[in-house]
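For reference, the structure discussed in these notes is given below.
Number of protein chains: 2
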Amino acid sequence: MTASTQFKLYYWGEIQGRGEFVRLALEDAGAEYVDVARLPKAQGGGSGAVAEFLKKSTAFAPPILVADGLEIAQTAAILEYLGARLGLVPADEASRVFAHQIELTISDFVLEIHDSHHPIAGSLYYEDQKPEALRRAAPFVKERLPKFLGYFERLVARNPSVTLLSSGHSYVDLSMFQVLEGLDYAFPKALARLAPKIPLLCALRERVRARPRIAAYLASPRRIPFNQQGIFRNYPELDVAP
Amino acid sequence: MTASTQFKLYYWGEIQGRGEFVRLALEDAGAEYVDVARLPKAQGGGSGAVAEFLKKSTAFAPPILVADGLEIAQTAAILEYLGARLGLVPADEASRVFAHQIELTISDFVLEIHDSHHPIAGSLYYEDQKPEALRRAAPFVKERLPKFLGYFERLVARNPSVTLLSSGHSYVDLSMFQVLEGLDYAFPKALARLAPKIPLLCALRERVRARPRIAAYLASPRRIPFNQQGIFRNYPELDVAP
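For the protein sequence lines, the chains are D and L, in the order given. Residue numbers 1 to 242, in my numbering, belong to the letters of the first sequence in order. Residue numbers 1001 to 1242, in my numbering, belong to the letters of the second sequence in order.
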């Protein structure tokens, strides 16, 4: 990586979405980056610029990171690439592979969270698949939410450092923080009921929130608020008691 | 990697499932490996042995590969690790990253294929979510199937070698072969209708099938037949005309 390296992130500018996992890593590391969609149109920004870039790209979908002449798509692949460069994962192969597989499991979890409000098709509105969403949300809250969170809690319990990796803070903790923030927005009641069973994840969430660069980012206009177009959506009717 | 390296695959023995993507890479490379679930119980095999191993593991779910003292979960992460070691991807970072992001997009596609018959919950039988599956399959066949296959077709069209990577045959071609085989089992009518639009993927499929070690594997009892418990299931009512 040269001194002139600059990261360019191509992701939609109206939602946190999958791009937020990348933004958090770049922000936590204090990396210099351009969030293309959030630049003014006059400077080549806007979500239209992302759509244009995607047409010429070899990626299936955003987020796409451009770095050192490489174009990298898929959130977990971007974080695997960035992790070692930003000091957000140890350099040894065992640590990198372990971190990556946790991140891929977080990706699986995030997709299940998304599909709880979109079980039929991403091209349909929530309102057009609400009966199916209601039916899907019940086993999600009852079975999948405790299963995933219980798994991550057990990983943290192996370490004294309130981190998913034994080596300390890493990019997977940032992603875990984002998932917990999102669940608190989308499923506040279910998360509150589960909280006593996941004290270490709750501690991890507060530890990450207190990191100076993360705290500054969350307080800045760069952090897009949660909204009803993203992965995490607050539909109270889906936040059911198990 | 030492001369004593042996790969151990932990995956369910009754289905191809996600483990099949790993099996195809090991078979194509002629690698020495143990498919634990398919060993006799007296030799420590069976799916019970996989369940026992999972309890002690740091993985969320199978497939899990044990190699060189590492335990690696998540299909795409396993293939990224194996690819370079088995000569199934060029060693340079750009090629590895590009191959990995294609594999991750294949993983996303595979999950959508699976969820076409299980849109509500993995813990319910198909028969208990059939109305929702019927509703989900229609936009899947009409929108998602052509979108994903069209994307992969465009990637192959960039290369003269009927491969997804410009450098030639790689593990992502093996995974693409498996997806096409599975789609032909699960959605034969939809795939036949799309075939004229994806001639290069059809050629890739036949190219992979003709590789001597793959041909030998497909003809062997090691290849588990497609069945109604796996990712790809033949429910004719879901194979609808768009």
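Note that the Cβ used here is the ideal one computed from N, Cα and C, for glycine as well.
Proximal residues to residue i (C-beta, below 6 Å), its chain only, five neighbours per side dropped
{"i": "Ile102 of chain D", "result": "Leu164, Val172"}
{"i": "Ala59 of chain D", "result": "Ala73"}
{"i": "Arg18 of chain D", "result": "Pro63, Thr75"}
{"i": "Ile1015 of chain L", "result": "Gln1229, Gly1230"}
{"i": "Ala1049 of chain L", "result": "Val1036"}
{"i": "Ser1107 of chain L", "result": "Ala1076"}
{"i": "Lys1130 of chain L", "result": "none"}
{"i": "Arg1193 of chain L", "result": "none"}
{"i": "Ile1224 of chain L", "result": "Gln1016"}
Residue i - containing alpha helix (DSSP H), residue span
{"i": "Asp1028 of chain L", "result": "1019-1028"}
{"i": "Val1034 of chain L", "result": "Premise fails: Val1034 of chain L lies in the beta strand (DSSP E), 1033-1035, not in any alpha helix (DSSP H)."}
{"i": "His114 of chain D", "result": "93-117"}
{"i": "Tyr125 of chain D", "result": "Per DSSP, Tyr125 of chain D belongs to no alpha helix (DSSP H) and is neither H nor E."}
{"i": "Gln178 of chain D", "result": "171-186"}
{"i": "Phe1053 of chain L", "result": "1047-1056"}
{"i": "Val162 of chain D", "result": "Counting along the chain, Val162 of chain D falls outside any alpha helix (DSSP H), and DSSP gives it neither H nor E."}
{"i": "Ile1198 of chain L", "result": "That residue, Ile1198 of chain L, is in no alpha helix (DSSP H); it is neither H nor E in DSSP."}
{"i": "Ile1015 of chain L", "result": "That residue, Ile1015 of chain L, is in no alpha helix (DSSP H); it is neither H nor E in DSSP."}
{"i": "Arg213 of chain D", "result": "212-218"}
Per-residue contacts from residue i into chain D (C-beta, under 7 Å)
{"i": "Gln1016 of chain L", "result": "Those within 7 Å of Gln1016 of chain L in chain D number zero; the least Cβ separation is about 19 Å."}
{"i": "Glu1237 of chain L", "result": "Ordered by position in chain D, no residue passes the 7 Å Cβ test against Glu1237 of chain L, which lies about 16 Å from the chain."}
{"i": "Glu1027 of chain L", "result": "Simply none; closest approach about 22 Å."}
Contact list for residue i against chain D, beta-carbon separation under 8 Å
{"i": "Gln1074 of chain L", "result": "His100, Gln101, Leu104, Thr105"}
{"i": "Val1097 of chain L", "result": "Leu70, Ile72, Ala77, Tyr81"}
{"i": "Glu1020 of chain L", "result": "Per Cβ cutoff of 8 Å: no residues; Glu1020 of chain L is ~18 Å from chain D at best."}
{"i": "Gly1085 of chain L", "result": "The sequence as given places Arg at residue 1085 of chain L; Gly does not occur at that position. Going along chain D, no residue has its Cβ under 8 Å from Arg1085 of chain L, so there is no contact; the nearest lies around 11 Å."}
{"i": "Leu1164 of chain L", "result": "Ordered by position in chain D, no residue passes the 8 Å Cβ test against Leu1164 of chain L, which lies about 10 Å from the chain."}
Those residues which DSSP pairs with residue i across a bridge
{"i": "Tyr10 of chain D", "result": "D:Ile64"}
Rounded Cβ spacing between residue i and residue j (contact assumed at less than 8 Å)
{"i": "Ile231 of chain D", "j": "Pro1119 of chain L", "result": "With 8 Å as the limit, Ile231 of chain D and Pro1119 of chain L do not qualify as a contact, their Cβ atoms being about 18 Å apart."}
{"i": "Ser1116 of chain L", "j": "Phe1140 of chain L", "result": "5 Å"}
{"i": "Ser1166 of chain L", "j": "Val1089 of chain L", "result": "Rounded, the Cβ-Cβ distance is 12 Å, inconsistent with contact."}
{"i": "Gly83 of chain D", "j": "Ala99 of chain D", "result": "6 Å"}
{"i": "Leu1039 of chain L", "j": "Tyr1033 of chain L", "result": "11 Å between Cβ atoms; not a contact."}
{"i": "Asp28 of chain D", "j": "Ile214 of chain D", "result": "6 Å"}
{"i": "Leu1134 of chain L", "j": "Glu1206 of chain L", "result": "With a Cβ gap of about 32 Å, Leu1134 of chain L and Glu1206 of chain L do not count as contacting."}
{"i": "Tyr1126 of chain L", "j": "Tyr1235 of chain L", "result": "7 Å"}
{"i": "Glu1143 of chain L", "j": "Glu132 of chain D", "result": "So it is not a contact: roughly 17 Å between Cβ atoms."}
Cross-chain neighbours of residue i in chain L, by beta carbon under 8 Å
{"i": "Pro139 of chain D", "result": "Ile1120, Ala1121, Ser1123, Leu1124"}
{"i": "Tyr151 of chain D", "result": "Phe1060"}
{"i": "Glu143 of chain D", "result": "Ala1121, Ser1123"}
Boundaries (first-last residue) of the beta strand (DSSP E) holding residue i
{"i": "Glu1071 of chain L", "result": "1070-1073"}
Chain D contact residues for residue i, given Cβ-Cβ distances below 9 Å
{"i": "Ala1094 of chain L", "result": "Gly69, Leu70"}
{"i": "Arg997 of chain L", "result": "Outside the modelled stretch of chain L, which goes from 1001 to 1242, sits residue 997 of chain L, for which no answer is possible."}
Under 7 Å by beta carbon: chain L residues contacting residue i
{"i": "Leu155 of chain D", "result": "Thr1058"}
{"i": "Ala211 of chain D", "result": "Residue 211 of chain D is actually Arg in this sequence, not Ala. Under the 7 Å cutoff, chain L gives no residues; its nearest Cβ is about 25 Å from Arg211 of chain D."}
{"i": "Leu54 of chain D", "result": "None at all; the shortest Cβ gap to chain L is about 11 Å."}
{"i": "Leu88 of chain D", "result": "Those do not exist, as Leu88 of chain D stays about 17 Å from chain L at its closest Cβ, beyond 7 Å."}
Contact set for residue i: own chain, Cβ-Cβ below 8 Å, skip 5 residues either direction
{"i": "Leu1183 of chain L", "result": "Ile1113, Leu1145, Ala1190, Leu1191, Phe1232"}
{"i": "Asn1159 of chain L", "result": "Leu1165, Ser1166"}
{"i": "Leu1201 of chain L", "result": "Leu1149, Phe1152, Glu1153, Val1156, Met1176, Leu1180"}
{"i": "Lys8 of chain D", "result": "Tyr33, Val34, Val36, Leu65, Val66, Ala67"}
{"i": "Arg209 of chain D", "result": "Phe177, Ala215, Leu218"}
{"i": "Ala91 of chain D", "result": "Ala84"}
{"i": "Pro1212 of chain L", "result": "none"}
Cβ-based neighbour list, residue i, same chain, cut-off 7 Å, excluding 5 preceding and 5 following
{"i": "Gln178 of chain D", "result": "Glu20, Phe21, Leu24"}
{"i": "Val1240 of chain L", "result": "Ala1137, Ala1138, Val1141"}
{"i": "Val110 of chain D", "result": "Val179, Ile231"}
{"i": "Ala1003 of chain L", "result": "Here the model assigns Ala1003 of chain L a pLDDT of 45, short of 50, so the residue's position is not dependable, and the following value carries that caveat. Within the same chain, Ala1003 of chain L has no close Cβ partners at all."}
{"i": "Ser1057 of chain L", "result": "Ile1064, Glu1071"}
{"i": "Pro1196 of chain L", "result": "none"}
{"i": "Ser1161 of chain L", "result": "Gly1168"}
9 Å Cβ cut-off: residues of chain L touching residue i
{"i": "Glu127 of chain D", "result": "The premise fails here: Glu127 of chain D is roughly 15 Å from chain L at the closest Cβ pair, so nothing lies under 9 Å."}
### Query
Given a limit of 7 Å on CB to CB distance, which residues of the segment 200-229 of chain D reach chain A?
No chain A appears in the structure shown, which is made up of the protein chains D and L.
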